[in-house]
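Below is one structure, written out as structure tokens, with a few remarks after it.
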Amino acid sequence: MVNRTNDARVPLIGIDRHRIATDGHGVTTLVGFFGCPLRCKYCLNNQCHDKKRQWQRLSPQALYNEVKQDELYFLATGGGITFGGGEPCLQSRFIKAFREICGEAWNITVETSLYVPQSHLRRLLNVVNTYIVDIKDLNPHIYSEYTCLNIDLLNTNLEWLVHHVKPENIFVRVPSIPKFNTPIDAEKTVEKLKNMGIINIERFNYIIPKKEK
Ligand code: SF4
1403 MVNRTNDARV PLIGIDRHRI ATDGHGVTTL VGFFGCPLRC KYCLNNQCHD KKRQWQRLSP
1463 QALYNEVKQD ELYFLATGGG ITFGGGEPCL QSRFIKAFRE ICGEAWNITV ETSLYVPQSH
1523 LRRLLNVVNT YIVDIKDLNP HIYSEYTCLN IDLLNTNLEW LVHHVKPENI FVRVPSIPKF
1583 NTPIDAEKTV EKLKNMGIIN IERFNYIIPK KEK
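Note that the sequence shown ends on residue 1615 in the numbering used here; no numbers are left out.
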């Protein structure tokens, strides 16, 4: 029987091999999907919104054929594929089909804003090993100012995630966002995350693209 999901091709903004100890365990290959629902003011991946460009389109099988050359590195280091973007969770069908092809031994990580219909997260349960969540700021006003979207969907999905995924598999990044939040705001976000049971929390500073300075 033909598996249509395995044949579906999605646009990718890039594939980056041989990444070590960044954005996932061990040696990873970063696969960036086109498309993101957010409009972050300091987005460093603005190409993921550029509909005019002709992006490379791959099926899960074609992607596997391209990235499997690094399988020995993945297996030796506990690494694998980190799906980013753009928003990878919007491509949950693709990632699930890819998992069925690559098997259980590879670590699959998503770098996500969690700003997706929850059906995508449900589909990815038991498919994804590690979640890296770029949370922005949990103050509703700061969040909407910075992303141009209402925070409610993020809150709902974050609650869902902490109830369905082991804490050791969730990593949340809390940025200091120049002109949008203060260190005190970021610390309040950290406190909220801790109260939810999240244990892996990283503070960092956003880099402002040159034209924004
Ligand atoms: S979530 Fe990431 S890719 Fe999407 S707009 Fe924000 S910075 Fe850009």
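The beta carbon of each residue, even a glycine, is placed where N, CA and C say it ideally should be.
In three-state DSSP terms, what is residue i?
i       : result
Asn1583 : coil
Ile1600 : coil
Arg1459 : strand
His1420 : strand
Lys1615 : Residue placement at Lys1615 is flagged as unreliable, the pLDDT there being 48, under the threshold of 50; the coordinate-derived value follows with that caveat. Note: Lys1615 maps to coil in three-state DSSP.
Phe1436 : coil
Ile1510 : strand
Leu1414 : strand
Leu1595 : helix
Asn1447 : coil
Val1574 : strand
Val1429 : strand
When you compare each of the options to residue i by their alpha carbons, which one comes out closest?
i       : options                               : result
Gly1428 : Pro1462, His1451, Ala1478 and Cys1438 : Ala1478
Leu1446 : Phe1606, Arg1495, Gly1488 and Leu1474 : Gly1488
Thr1616 : Lys1594, Ile1610, Asn1559 and Val1529 : The chain is shown only over 1403 to 1615; residue 1616 falls outside these bounds and no answer can be derived.
Gly1426 : Leu1556, Ile1603, Asn1531 and Phe1582 : Asn1531
Asn1559 : Lys1596, Val1576, Val1592 and Gln1520 : Gln1520
Arg1411 : Asn1597, Arg1419, Arg1495 and Val1567 : Arg1495
Here's the rule I'm using: 16 or more other beta-carbon atoms within 10 Å means buried, otherwise exposed. How should residue i be labelled?
i       : result
Ile1415 : buried
Lys1538 : buried
Asn1607 : exposed
Gln1493 : buried
Ile1497 : buried
Leu1526 : buried
Asn1583 : buried
Glu1506 : exposed
Ile1510 : buried
Using a Cβ-Cβ cut-off of 8 Å (strictly less than) and excluding sequence neighbours within five positions of residue i, which residues of its own chain qualify?
i       : result
Leu1617 : Because the chain spans 1403 through 1615 in this model, residue 1617 falls outside it and cannot be assessed.
Ser1546 : Asn1552 and Ile1553
Arg1441 : His1451, Thr1549, Cys1550 and Leu1551
Pro1413 : Phe1435, Phe1436, Gly1437, Trp1457, Gln1458 and Arg1459
Is the shortest distance between the beta-carbon of residue i and the beta-carbons of chain D less than 9 Å?
i       : result
Trp1562 : Among the chains in the structure shown there is no chain D, since it carries only a single protein chain.
What residue does the alpha helix (DSSP H) around residue i start on, and which one ends it?
i       : result
Ser1546 : Pro1542 to Thr1549
Arg1524 : Gln1520 to Leu1526
Trp1494 : Residue identity check: residue 1494 is Ser in the sequence provided, not Trp. Note, Ser1494: alpha helix (DSSP H), Ser1494 to Cys1504.
Asp1536 : Premise fails: Asp1536 lies in the beta strand (DSSP E), Thr1532 to Asp1536, not in any alpha helix (DSSP H).
Val1564 : Asp1554 to His1566
Return the chain-ordered list of same chain residues with a C-beta closer than 7 Å to the C-beta of residue i, the five sequence neighbours on each side being excluded.
i       : result
Asp1587 : Asp1539, Asn1541 and Ile1544
Ile1600 : Val1564, Pro1569, Ile1572 and Val1574
Pro1585 : Ser1578
Cys1504 : Tyr1466
Ile1610 : Tyr1444 and Pro1580
Taking 6 Å as the limit between beta carbons, can you name the residues of its chain near residue i, skipping five residues before and five after?
i       : result
Phe1500 : Pro1462
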